[in-house]
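Terminal number for the sequence shown in my numbering: 184, no gaps in between.
Even for Gly, the Cβ is constructed at its ideal location relative to N, Cα and C.
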Amino acid sequence: MASVNQTFALARFLGARFHFAGEFNRSALHRNKNGSDRATRLTAGELELAFEDEQLRAICTTRGRALAVHGPEIAQELKKRLADIRAAETASDLLVGIRFVGDGECAAIYVTLGGGFELVLVANHVQNPTKGSGKIDWDNVTRVKVSQISRMATE
């Protein structure tokens with residue numbers, strides 16, 4: 030679990046807003062507008078953002094780590110694309126440089142980063158919204174998880 034300092038570093042990197050969830054050590058808390066002591070969790074506009082693991086979180090939230098792993102071009106594009114995600118209200122608002130792949134629970138959004146890399150996002154609701162056909166209803170997905178950064182498949 031990320032510390033409050035790591036959460037604030039992530040927010041500074043992404044320029045994101047916060048809402049409150051989960052308990053932390055009382056000495057490291059900030060009060061929300063209702064006065065309750067709750068730790069902050071990053072939200073991306075209306076689209077809430079999570080990460081598959083700590084290593085991926087570090088790459089996506091720490092410029093130095095992104096530079097070390099992927100170089101300046103990908104690090105800069107990653108920052109821009111995460112800002113796009115932050116600004117979106119739903120997953121279907123991500124319009125440029127993306128493709129939707131798969132059906133049902135295997136569905137994902139592939140976001141082009143350039144240099145042959147892409148960011149892979151999956152719906153991250155407890156019960157993902159679906160259409161009558163059983164496919165993910167991306168118009169109603171408000172929680173996504175960064176699943177991986179991978180090389181684009183060659184066709």
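- In this chain, the alpha helix (DSSP H) harbouring K108 covers 92 to 116.
- One alpha carbon belongs to L107, the other to V130, and they sit about 20 Å apart.
- Assignment of L123 by DSSP, reduced to helix, strand and coil, places it in the coil class.
- For G131, there is no enclosing beta strand (DSSP E), as DSSP marks it with neither H nor E.
- Counting only the Cα atoms, E147 lies some 24 Å from T159.
- According to the DSSP secondary-structure assignment, Q177 is paired through a beta bridge with V149.
- By alpha-carbon distance to G161, the top candidate from V151, V149, D132 is D132.
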